[in-house]
Amino acid sequence: MSSESDELQDLVPADARSIYSETVIDHAMAPRNLEAIQNADGFASERGPCGDTMEIWLRIKSGCIARATFMTDGCGPSIASGSMVTEMATGKSTGEAHRITQRDVLDALGGLPEDSEHCALLAAKTLKAALKDYIATKQEPWKRTYRRH
Ligand code: FES
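Residue numbers for the sequence shown follow my numbering, so the first one is 25 and each next one is one higher.
Next comes the structure, spelled out in structure tokens:
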């Protein structure tokens, strides 16, 4: 962990530490892959039951995810979930990445409070939707013209 990350960790209130795992706090405070990809091979924007949105961009090379990035207007756990799911997807084949579940994200994060578990579901769902978009635009590349990203 970098010293910048250490400094951020010092800002985390003690009550947050009693609720969230160190991994959740780390990914929420210093999210990985937090950016858009121009002309991505796969993109999805999904809305969770809470009304928050997550977007995921994929760069695919030779059937594997070379790069996965995300943005969200959601809560801290959704930032941690987006960060974790993009880390988990990177380097995997599209088939392997499609099998990443909410449970996998929760396990990798060291769990989330029950009322935040849907944030991990939003991340897993958005990844699956971005992979679906990749397949659709691969089969019909003209669809990319009408995509916002
Ligand atoms: Fe909406 Fe976490 S994604 S509360």
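C-beta atoms are modelled at their ideal positions from N, C-alpha and C, and glycine is treated no differently. Computed from a predicted structure; not experimentally measured.
(message) By alpha-carbon positions, which one of C88, Q163, A104 ends up nearest to S140?
(response) Locating residue 140 in the sequence shown gives position 116, where the first residue counts as 1. Out of C88, Q163, A104, A104 has the C-alpha closest to the C-alpha of S140.
(request) Please classify M25: is it buried, with 16 or more other beta-carbons within 10 angstroms of its beta-carbon, or exposed? (result) Counting from 1 along the sequence shown, the entry for residue 25 is found at position 1. Reliability of the predicted coordinates at M25 is poor, the pLDDT of 47 falling under 50, and the value obtained from them is presented with this limitation in mind. It is exposed - the Cβ of M25 has fewer than 16 other Cβ atoms within 10 Å.
(request) Examine the ligand MN and report whether any of its heavy atoms sits within less than 7 Å of the Cβ of D39. (result) Judged by which ligands are present, the ligand MN is missing from the structure shown, whose ligands are the ligand FES.
(message) Please state whether the Cβ-Cβ distance between A154 and G66 is less than 8 Å.
(response) In the sequence shown, the residue the question calls residue 154 occupies position 130. In the sequence shown, the residue the question calls residue 66 occupies position 42. Yes. Within cutoff.
(request) Give a yes or no on whether the C-beta atoms belonging to A90 and N57 are separated by under 8 Å. (result) The residue labelled residue 90 in the question sits at position 66 within the sequence shown. The residue labelled residue 57 in the question sits at position 33 within the sequence shown. Taking 8 Å as the Cβ cut-off, A90 and N57 do not qualify as a contacting pair.
(request) Taking G100 as the reference, give the member of D157, H142, A68, K156 with the closest Cα. (result) Within the sequence shown, numbered from 1, the residue matching residue 100 stands at position 76. Here the closest residue by C-alpha is H142.
(request) Pull up the distance between the alpha-carbon of E70 and that of L133, whole angstroms please. (result) What you label residue 70 is simply residue 46 of the sequence shown in a count that begins at 1. What you label residue 133 is simply residue 109 of the sequence shown in a count that begins at 1. The alpha-carbon atoms of E70 and L133 are separated by roughly 21 Å.
(request) At 3 residues or longer, and completely inside the segment 74–102: list those beta strand (DSSP E) runs for me, N to C. (result) 77–85, 88–96
(request) With a threshold of 16 other CB atoms inside 10 Å of the CB of D50, please say whether the residue is buried or exposed. (result) Mapped onto the sequence shown, residue 50 falls at position 26. Burial call: buried.
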